[in-house]
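Below: the structure, in structure tokens.
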Amino acid sequence: MKSPERLFDCIGIQAAHPQTDLLVGKEKGTWRKYATTETHDLIARLAAGLLDKGVGPGDGSLAAGDKIALISYGRPEWLITDLAVQQTGAILVPVYPNTSIKELEDIFNEAKVKYLFVGSEALYHTVKELPKQVPSLLDIITYDEVPGVTNWSAILASSTTNYHEKVAAHAAKVKGEDIATIIYTSGTTGKPKGVMLSHRNILSNVLSATDVLAEIPTPERRALSFLPLNHVFEKMVTYIYLFNHFSIYYAESIEAIAQNLREVKPYVFTSVPRLLEKVYERIMETGRQLKGLKRRIFFWSVSLAEQYEINKPRSWSYKIQMALADKLVFSKWRAAIGGNVQAIVVGGAACQVKLARIFSAAKITIMEGYGLTETSPVIAVNGYLEKNRCFGTVGPLLPGVNVRIAEDGEICCKGDTVMVGYYQQPDLTAEVIKDGWFHTGDIGAFVDDRFLKITDRKKEVFKTSGGKYVAPAPVENKLKENNLVEQVIIVGPERKFTAALIVPAFPQLETWCRQHNVSFTSQQDIVRQPQVIRCYQEIIDGFNPEFSHIEQVKRFTLVPSVWTTESGELTPTGKIKRRIIMERYKDIIDQLYAD
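Sequential numbering from 24 applies to the sequence shown in my numbering.
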């Protein structure tokens, strides 16, 4: 078989090795398995139904090609729709389920979306008024049955009898350089931009990353998917699974992940650092509730894990102690996530080195990577094998990805994975792609001439009034290692010193207050308690010596509410919208510098 050129070429590869559980989702409390043959038939029927509705590439130009939007949490129908749309020559525009209506209007009007697929009845009721605001939008189609609304089964039923041949004829015209999807960025620095990615962009990343996946021992090729499928990281990894004969199980929800891990028993899954932090916090809270010898053994094991190193010799004494800790403690951690997990591939934001070290010591290898939507996405990733991993870095470059570090430290990337451009925004495209090099906006360097290390966001580095530069991310990540710190943002542009806004981890803080006889009535009240403020001052005093004088936090304020996507301080992927927070807390920040 010739080398694949389009993402949907995975279909032919799968057909040679059919599975009974290619895609699996929970339906009415039971895992519903979609075999390879059924999945392929549904893809072809849906593609033919869309062709019957006039969906296609138009005259072949980007502006004329139909755009099909998709808003849904992960489920088999999501991927079936993706593969069906590709074969019609149309372009998929997937969007986060928690995107605001105003942003949806802007995105859909800019892309001139023709049809919109949504997953649930709740999502339908959220978007049902959009056709009034988006003239190009002809219909909303649901996966779940909603009375009076077009269901996707009706599109399947409308296909002609020779649908396989009809779809194959249209699919043959799709080329590797054609746009497969437009993914709108999550908007940490302003209005979302539509990133145009071709089949070649994503597929080159898939093929390069396949060797990294091959390092992971997976006796049974089974993965659990729970990140949003419109997130380019999860989308690309999904295609690695599809080209390599994995069964993909879709988690019911974020809340059900722990249960689904135990049911599915996957060997690998992807995650964002925040979820990993939550898992670790839950583990540590369980440990703190233990008594006597069990408690001592638990924290002894964690302290051993904190000393764990890779690519360095370990003493026999340490190995023996780790073997005992594994039997008594870490084996229970693995059992809690299904018992089979060999690796967790982490991306989307910086992962705390402490967590990567502890989980890897517990034989749950953390493979942290780095990339952007604009690079399809992975630029570098730590491998499963120790020789291909380095704590504190995002790993070696993927094959075929070229990187150079500019004079100011900015990471620049070149290769087939670099996007075609921003949709309808040639000026912005020209700002970030110069002489073929994509300027990431991230600052970094190479460790041992091999492992890429990210030190900060170029746009987030600020200068104090004394002319000194401060990179906030390392300080923020270090503070978040403490279990009483939920979120933090370092401030100080054009000010005399560095300060911080800290959101406490309220469940842990409330436990601390009870243990130290501190009374409180609410979150607003708890952050004002003198003993609590002294506690956080001690946390900061403990971390400050690890940073230069100008980076050290001189003052801080405890914030009484957690920053969320719903309140507008976080992107749908959980990244902090620094500009928004700085604006909303301007008066409080000013008070930090008042005297």
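Every residue, glycine too, gets a C-beta built ideally from N, C-alpha and C.
Every value quoted in this text rests on a predicted model; they were computed, and no experiment measured them.
Three-state class that DSSP yields for residue i in the structure shown
i: R285; result: helix
i: R98; result: coil
i: P120; result: coil
i: A528; result: coil
i: G444; result: strand
i: S383; result: helix
i: P419; result: strand
i: E152; result: coil
i: A373; result: coil
i: L615; result: helix
i: T450; result: Note that residue 450 is Asp in the sequence shown here, rather than Thr. It is helical.
i: I562; result: helix
i: K25; result: coil
i: V550; result: coil
i: H268; result: coil
i: W356; result: helix
i: V255; result: helix
i: S340; result: helix
i: F414; result: coil
i: E61; result: helix
i: Q42; result: coil
i: G48; result: strand
i: I34; result: helix
i: K598; result: coil
i: A522; result: strand
i: K457; result: strand
i: N363; result: coil
Cβ distance (whole Å) where residue i is taken to contact residue j below 8 Å
i: I466; j: Y393; result: Going by Cβ atoms, the distance from I466 to Y393 rounds to 12 Å, so no, they are not a contact pair.
i: E569; j: K501; result: 6 Å
i: K137; j: K90; result: 6 Å
i: S276; j: V47; result: Contact flag wrong, Cβ pair sits at about 15 Å.
i: Q575; j: T487; result: Contact doesn't hold; Cβ gap of about 12 Å is too wide.
i: V404; j: G418; result: 5 Å
i: L378; j: I389; result: 7 Å
i: I114; j: G83; result: Their Cβ separation, rounded to whole angstroms, is 12 Å, which puts I114 and G83 out of contact at 8 Å.
i: I573; j: K519; result: Their Cβ separation, rounded to whole angstroms, is 10 Å, which puts I573 and K519 out of contact at 8 Å.
i: I164; j: I178; result: 6 Å
i: T544; j: L475; result: About 48 Å separates the two Cβ atoms, so there is no contact after all.
i: C436; j: V426; result: 6 Å
i: A528; j: E304; result: 7 Å
i: N224; j: V118; result: Going by Cβ atoms, the distance from N224 to V118 rounds to 19 Å, so no, they are not a contact pair.
Neighbour-count burial assignment, residue i, 16 or more Cβ in a 10 Å radius
i: A523; result: buried
i: W356; result: buried
i: D349; result: buried
i: A279; result: exposed
i: Y438; result: One detail in the question is off: residue 438 reads as Gly in this sequence, not Tyr. Result: buried.
i: S338; result: exposed
i: S326; result: exposed
i: P158; result: exposed
i: D471; result: exposed
i: D234; result: exposed
i: Q510; result: buried
i: I611; result: exposed
i: I397; result: Note that residue 397 corresponds to Glu in the displayed sequence, not to Ile. Result: buried.
i: R105; result: Going by the sequence as given, residue 105 is Asp instead of Arg. The residue in question, D105, is buried, as its Cβ has 16 or more Cβ neighbours within 10 Å.
Spatially closest choice to residue i from the options, by CA coordinates
i: L619; options: D458, D618, V47 and V78; result: There is no way to answer for residue 619, as the model of the chain reaches only from 24 to 618.
i: E300; options: I367, Q344 and R285; result: I367
i: L284; options: L298, K51, I360 and I66; result: I360
i: V197; options: I387, Y341, G81 and E304; result: G81
i: F321; options: A328, T43, G310 and E329; result: G310
i: D564; options: A453, A528, A203 and R578; result: R578
i: S143; options: P154, E278, D167 and L127; result: D167
i: P240; options: I381, I434, Y290 and Y341; result: Y290
i: A192; options: E574, P99, L102 and Q110; result: Q110
i: I36; options: V118, H63 and L69; result: H63
i: A246; options: T261, P170 and V116; result: T261
i: P624; options: H462, C435, A429 and Y96; result: Past the boundaries of the shown model lies residue 624; the chain is included only from 24 to 618, so the question cannot be answered.
i: F292; options: D75, G591 and E391; result: E391
i: E61; options: A617, P99 and L73; result: P99
i: E483; options: A67, Y147, M605 and Y186; result: M605
i: P449; options: K317, K216, W535 and K609; result: K216
i: M345; options: N334, N363, Q365 and S324; result: S324
i: L507; options: P170, R473, E561 and M259; result: E561
i: K288; options: S248, E430, A145 and R412; result: S248
i: E430; options: P553, T440, G464 and E454; result: G464
beta-carbon residue i near the ligand PLP non-hydrogen atom, thresh 7 Å
i: L30; result: The ligand PLP is not among the ligands present in this structure, which contains no ligands whatsoever.
Inside the stretch 158-233 only - alpha helix (DSSP H) runs reaching at least 4 residues: 175-180 and 186-194, all fully within the stretch 158-233.
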